[in-house]
Amino acid sequence: MPFTHSAAETGSVPHIGIELLGWAAIVACIAGRSWCSLYIGGRKSEVLVRHGPYSVVRNPLYVFSILGSTGAGLASGSFVLGSGIGLFVFITFAAVVRREENFLLGKLGDDYQRYLSQVPRWIPRRSLWRDVSKVTVSPVVVVTTFFDAMWFALSVPFFEALERLQNLGMVPILAFLP
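Under full-length UniProt numbering, residues 1 to 178 are what the sequence shown spells out, in order.
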């Protein structure tokens, strides 16, 4: 990352477009993770939540984190870097999810087994959407989740500063990435 640079010229339409796509993904990540915490509220390993975002995909917090990680990489102006970071995070979470599913299957039993068979792991299926009229919210969890997700936004000033240092010749560029 520090020694790579977007192949698209700084300030060009493709470069700015990729950065904007990254920023949008980061905003969606922050909003999405906060939205998920309204439903799960720190009860992830205690109860089976089957409504809201958890009705359409089993791991919405991870899905939004993958989106945010991809966005963080796209904030560099490089599609390759964004895709690579997103893929790395996906592979990491895939291993974590398998362990979590085994744990939850042991803890929650048949209800969780039905959930596994009905709700997709990674790709949301909108036709499954179900909601409830009220949820019990833990404001501390929602606020903590929001601020934890704000770390994704730090990639924007990081890559902007890095780009300036590269343009000034203070940080070498060893490779240009599309």
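Beta carbons: idealized from backbone N, C-alpha and C, even for Gly.
Owing to the predicted nature of the structure, the values given are computational and were not obtained by experimental measurement.
| query | result |
| --- | --- |
| Three-state secondary structure (DSSP) of residue 5 | strand |
| Residue 11 versus residue 116 - alpha carbon distance | 46 Å |
| Beta-carbon proximity list for residue 121, same chain, < 7 Å, skipping 5 on both sides | 58, 59, 97 |
| Through-space distance from residue 148 to residue 111, alpha-carbon basis | 30 Å |
| Minimum Cβ-Cβ distance from residue 49 to chain D less than 7 Å | Reference to chain D is not applicable here, since this structure consists of a single protein chain. |
| Close-in-space but distant-in-sequence residues of the same chain around residue 129 (CB under 8 Å, 5 per side omitted) | 55, 56 |
| Validate contact between the stretch 124 to 142 and the stretch 32 to 49 using beta carbons, cut 8 Å, 3 pairs | yes |
| Whole-angstrom distance between residue 124 and residue 89, CA atom to CA atom | 18 Å |
| Selection from 5, 71, 9, 3 that minimises the alpha carbon distance to residue 21 | 71 |
| The alpha helix (DSSP H) enclosing residue 74, as first and last residue numbers | 60 to 74 |
| Neighbourhood of residue 144 by C-beta distance below 6 Å, restricted to the same chain and skipping five residues each side | none |
| Three-way DSSP call (helix, strand, coil) for residue 168 in this model | coil |
| Neighbourhood of residue 24 by C-beta distance below 6 Å, restricted to the same chain and skipping five residues each side | none |
| Pairwise C-alpha distance: residue 103 and residue 18 | 39 Å |
| CA nearest to the CA of residue 101, picked from 141, 170, 162, 44 | 44 |
| Residue 147 - containing beta strand (DSSP E), residue span | First-last for residue 147: 139 to 149, but that is the alpha helix (DSSP H), not the beta strand (DSSP E). |
| Residues sharing a beta bridge with residue 177, DSSP | 6 |
| Pair within 7 Å by beta-carbon distance, residue 6 and residue 78 | yes |
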